[in-house]
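Q: In case it helps, numbering that gives the first Met the number 0 puts the sequence shown at residues 0 to 296.
Where a beta carbon is used, it is the ideal one built from N, C-alpha and C, also for glycine.
The model shown is predicted, which means the values in this text are computed figures rather than measured ones.
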Amino acid sequence: MFHALKYKIKYLRNQLLSNLYNKSDEKTRKQFEQLKLDPNKVPVISITFQNPSVTKWQITQIQKHCQDIELLIFDNSKNEDQANEIKQHCITLGIFYYRLPRNKVKHPNRSHALAMNWIYAQFIQLKKPDYFGFIDHDLIPLADFTIKPALQNKPFYGLLYGGGRETWQTWAGYTFFDRRNMENKKIDFMYHFQIALDTGGYNYESLYRPTQLNPKEYANNKIATLELPNREAVNIQVIDNIWFHIGGIGYGDNFANKRNYVEDIMKLTIEHDNLIEEYQVATKTLAANVIFNGQLI
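1) Can you find the residues in the same chain that come closer than 6 Å, C-beta to C-beta, to T282, ignoring five residues on each side of it along the sequence?
2) Quick one: is H88 buried, meaning 16 or more other Cβ sit within 10 Å of its Cβ, or exposed?
3) Mind the definition here: the stretch 182 to 202 touches the stretch 102 to 116 only if three or more C-beta pairs lie below 8 Å; say whether that holds.
4) Grab me the residues of I296's own chain with a C-beta within less than 7 Å of its C-beta, minus the 5 sequence neighbours each way, in chain order.
5) Taking the runs of the alpha helix (DSSP H) that are 4 residues or longer, which of them lie wholly in the stretch 99 to 159?
6) Measuring CA to CA, which of N75, L15, I85 is closest to T59?
7) Return the first residue and the last residue of the beta strand (DSSP E) that L225 is part of.
8) Mind checking who T210 pairs with in its DSSP beta bridge?
9) Pairing CB atoms from the stretch 57 to 73 with CB atoms from the stretch 36 to 46, are three or more of them under 8 Å?
10) If you count every other CB in all the chains shown that lies within 10 Å of the CB of G293, and 16 or more means buried, which is it?
11) Report yes if the C-beta distance between Q57 and H136 is below 8 Å; otherwise report no.
12) In the structure shown, what three-state DSSP assignment does Q168 receive?
13) Three-state secondary structure (DSSP) at Y97?
14) Taking Cβ to Cβ, would you say A142 is nearer than 8 Å to I275?
15) Out of L225, Q151, L159, L11, state which residue places its alpha-carbon closest to the alpha-carbon of R178.
16) What separation, rounded to the nearest whole angstrom, lies between the Cα atoms of Y119 and N229?
17) Rounding to the nearest angstrom, what Cα-Cα distance links A82 and I94 in this structure?
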């Protein structure tokens, strides 16, 4: 009883925050209206946060490897200098950039959810692309990738995530949708900790639960052991055998080692078209932590 009331109060608070935040002005609307999306590509939104060099790398790698993705940068940075640097990278590389309205929220999941709700309401609902997606700002393709085939005859695609229950979602950092399936449905990218779901979990009742789940049709999640030249073997997280998740590097809390390792991979991607294939020495598939038909997958 107490826990149910606690979550209800938190839900109402998050709804209030989202409603207060979820506004735009005429200047923003005109800017979005004037943007011409490529009809042959899927608009994919990276919500960046205070890491200009990683954003630049993500842009160049997507331009190199993802021919059916139109990357759009929506910046949720708190630091103005870093935001300006990200904007300059976007201008130089010919990528759409938009500085999201400021929010004072410190909780990272809540801040991310507010940004996703704002983008869906103000941008996606206005532009109405057939498909769209969200990716984490530190997710980097290391080989060629196309998203359209994965979305055929499916309402959404991405990396399955669950809290060890029969509830599930696609991870907010790698999630793609058929927007037409979302019409006339309540869409809310807020987290739903009450049923063990992360950012985007409040879409469980409207989007995920009505869908017949076939785990084989969704992204795979692996730990790949890479042995780079003149370096010890290191474990990294790889999604769909292509997307390197910087946050999943196996150096624990040693941020200096993580940074140096990422810099090494950055340099190697200039010369190599499939870094994982060339330097992978071992791989292990990770479970989605979803209970499906009584089995944990």
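A: Reading off the structure:
1) K221, A223
2) buried
3) yes
4) P214, A286, A287, V289
5) 107 to 118, 147 to 150
6) I85
7) 220 to 225
8) BP columns for T210 are empty, so no partner.
9) yes
10) exposed
11) yes
12) strand
13) strand
14) yes
15) Q151
16) 45 Å
17) 14 Å
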